[in-house]
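Q:
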Amino acid sequence: MAGQPITVQVMHVGATPLRLTTDRTVGYIDPYEGRTHAVSPDELQERDGTSKEEEQSPLPGVDVSSVPDEWSGALRALFKKHAPLWGGNVGWIRGVEHRIRLKPGAVPVRQHPYKAGFLAREREKAEVERMRSIGVIEPSTEEWAIPVVIVPEPDGSVRFCADYRKLKFMTVEDAYPIPGMDECIDSIEDARVFSTLDCSAGYWQIPAAEEDKHLKAFTCHLGAWQ
Numbered sequence: 458m459a460g461q462p463i464t465v466q467v468m469h470v471g472a473t474p475l476r477l478t479t480d481r482t483v484g485y486i487d488p489y490e491g492r493t494h495a496v497s498p499d500e501l502q503e504r505d506g507t508s509k510e511e512e513q514s515p516l517p518g519v520d521v522s523s524v525p526d527e528w529s530g531a532l533r534a535l536f537k538k539h540a541p542l543w544g545g546n547v548g549w550i551r552g553v554e555h556r557i558r559l560k561p562g563a564v565p566v567r568q569h570p571y572k573a574g575f576l577a578r579e580r581e582k583a584e585v586e587r588m589r590s591i592g593v594i595e596p597s598t599e600e601w602a603i604p605v606v607i608v609p610e611p612d613g614s615v616r617f618c619a620d621y622r623k624l625k626f627m628t629v630e631d632a633y634p635i636p637g638m639d640e641c642i643d644s645i646e647d648a649r650v651f652s653t654l655d656c657s658a659g660y661w662q663i664p665a666a667e668e669d670k671h672l673k674a675f676t677c678h679l680g681a682w683q
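In the working numbering, the protein residues as written are 458 to 683.
1. For Phe626, which three-state DSSP category applies?
2. Leaving out the 5 sequence neighbours to the left and right, which residues in its chain are closer than 8 Å to Arg481 when beta-carbon positions are compared?
3. Using the Cα positions of Val629 and Ala666, report the straight-line distance between them to the nearest angstrom.
4. Distance check for Thr653 and Gly530, CA to CA, integer angstroms please.
5. Between which residues of its own chain and Glu668 is the CB-CB distance below 6 Å, once the five residues before and five after are set aside?
6. Since Ile607 is in the beta strand (DSSP E), which residue starts that stretch and which ends it?
7. Could you pull the DSSP bridge partners for His555 from this structure?
8. How many Å lie between Val547 and Val615 at the Cα?
9. Check whether the Cβ atoms of Ala573 and His678 lie closer than 9 Å to each other.
10. Can you check which of these residues, Glu610, Pro488, Arg476, is closest to Gly460 by C-alpha distance?
11. For Lys509, does the three-state DSSP call read helix, strand or coil?
12. Candidates Arg558, Ala577, Val605: which alpha carbon is nearest Gln568's?
13. Smallest Cα separation from Val566: which of Val465, Ile550, Phe626?
14. Answer yes or no: do Tyr571 and Asp620 have a C-beta to C-beta separation smaller than 9 Å?
15. On a Cα-Cα basis, can you pick out the residue from Ser522, Glu581, Arg476 that is closest to Ala681?
16. Tell me the DSSP secondary structure of Trp682 in three-state form.
17. Whole angstroms are fine: how far does the CA of Ile591 sit from the CA of Leu542?
18. Can you check which of these residues, Gln662, Lys673, Ala674, Ser597, is closest to Gly552 by C-alpha distance?
19. Can you give me the Cβ contacts of Leu576 inside the same chain, cut-off strictly under 6 Å, excluding the 5 residues immediately before and after it?
20. Can you check DSSP and say which residues form a bridge with Pro596?
This is the structure we're talking about:
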């Protein structure tokens, strides 16, 4: 608005230091009659240091076309704040470990790998190498070994599963009260913004207790792992 102070960013590209005094003229501004947008100090700070590519696509692979303009700045800042999470690495929840309690009389289960054709073996190899590269499995020489199953997904990808049914029958289950779906939906009745962003392999982010790792050992055509 006319008569109101405005903020102008100035960059000094010279080789020698330069001090700006209150009476020094650094440039001139011509009147502008087009559309204007008021930028808050917080939004100005968020924009500072953001490249043009980041502004156009703050997070590749995430569709933000339906985000209202007044929330785009906050969303971009949220992506930038949690940028290390977009690298595909699997994090760990350090405060708890996954324990497995066996029923009295439980005996180890060691099975041979299920039959698999050439394509299934190639998928097994790719998944085992991926899991080993991110540090969620290690070679196993224990008594326990459960065969794996490659399950196709609707989008063409595959899910690497272990047939833990025999282990499940010998496991003391926790009677933890799981909330019902109706209760979950009722808890978000006042929400206005929803996202389909999900954790990367959340089932791997709770580490297994050291003394229970051998119970999760699985076997495939690339050996035994846990």
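We put the beta carbon where it would ideally sit given N, CA and C, even for glycine.
From a predicted model like this one, the values you see are computed outputs, not experimental measurements.
A: With the given structure in hand:
1. Within the sequence shown, residue 626 is the residue found at index 169, counting from 1. Of the three classes helix, strand and coil, the one that applies to Phe626 here is helix, per DSSP.
2. Position 24 of the sequence shown holds residue 481. Correct list: empty, nothing qualifies.
3. As a first step, residue 629 is located in the sequence shown; it is residue number 172 there, counting from the start. As a first step, residue 666 is located in the sequence shown; it is residue number 209 there, counting from the start. Roughly 16 Å between the two C-alpha positions.
4. What you label residue 530 is simply residue 73 of the sequence shown in a count that begins at 1. What you label residue 653 is simply residue 196 of the sequence shown in a count that begins at 1. So the alpha carbons of these two residues sit roughly 19 Å apart.
5. For the purposes of this step, residue 668 is taken as the residue at position 211 of the sequence shown. There are no such residues.
6. Numbered from its first residue, the sequence shown carries residue 607 at position 150. It spans 603-609 - the beta strand (DSSP E) in which Ile607 sits, taken as one unbroken run.
7. Stepping through the sequence shown from its first residue, residue 555 is reached at position 98. DSSP output for His555 lists Ala665 as bridge partner(s).
8. Here residue 547 refers to the residue found at position 90 when the sequence shown is read from its first residue. Here residue 615 refers to the residue found at position 158 when the sequence shown is read from its first residue. Whole-angstrom Cα-Cα distance: 19 Å.
9. For the purposes of this step, residue 573 is taken as residue 116 along the sequence shown, with counting starting at 1. For the purposes of this step, residue 678 is taken as residue 221 along the sequence shown, with counting starting at 1. Yes; because the gap between Cβ atoms is below 9 Å, this pair is in contact.
10. Stepping through the sequence shown from its first residue, residue 460 is reached at position 3. For Gly460, the nearest C-alpha among the options comes from Pro488.
11. Position 52 of the sequence shown, counted from the start, is the residue given in the question as residue 509. No answer about Lys509 holds up, because its pLDDT of 48 lies below 50 and its placement is not dependable.
12. Residue 568 sits at position 111 when you count from the first residue of the sequence shown. Residue Val605 is the option with its Cα nearest to Gln568.
13. Counting from one through the sequence shown, the residue named residue 566 turns up at place 109. For the residues Val465, Ile550, Phe626, the minimum Cα distance to Val566 belongs to Phe626.
14. Taking the first residue of the sequence shown as 1, we reach residue 571 at position 114. Taking the first residue of the sequence shown as 1, we reach residue 620 at position 163. Yes; because the gap between Cβ atoms is below 9 Å, this pair is in contact.
15. Taking the sequence shown and counting its residues from 1, the one referred to as residue 681 is at position 224. Cα-wise, what sits closest to Ala681 is Glu581.
16. To locate residue 682, count along the sequence shown from 1; it is residue 225. The answer is strand: DSSP assigns Trp682 an E or B state.
17. The residue labelled residue 542 in the question sits at position 85 within the sequence shown. The residue labelled residue 591 in the question sits at position 134 within the sequence shown. The alpha-carbon atoms of Leu542 and Ile591 are separated by roughly 14 Å.
18. For the purposes of this step, residue 552 is taken as residue 95 along the sequence shown, with counting starting at 1. The candidate whose alpha carbon is nearest that of Gly552 is Gln662.
19. Against the sequence shown, residue 576 aligns to sequence position 119. Within the same chain, Leu576 has no close Cβ partners at all.
20. As a first step, residue 596 is located in the sequence shown; it is residue number 139 there, counting from the start. In the DSSP output, where bridge partners are listed per residue, Pro596 has Trp682.
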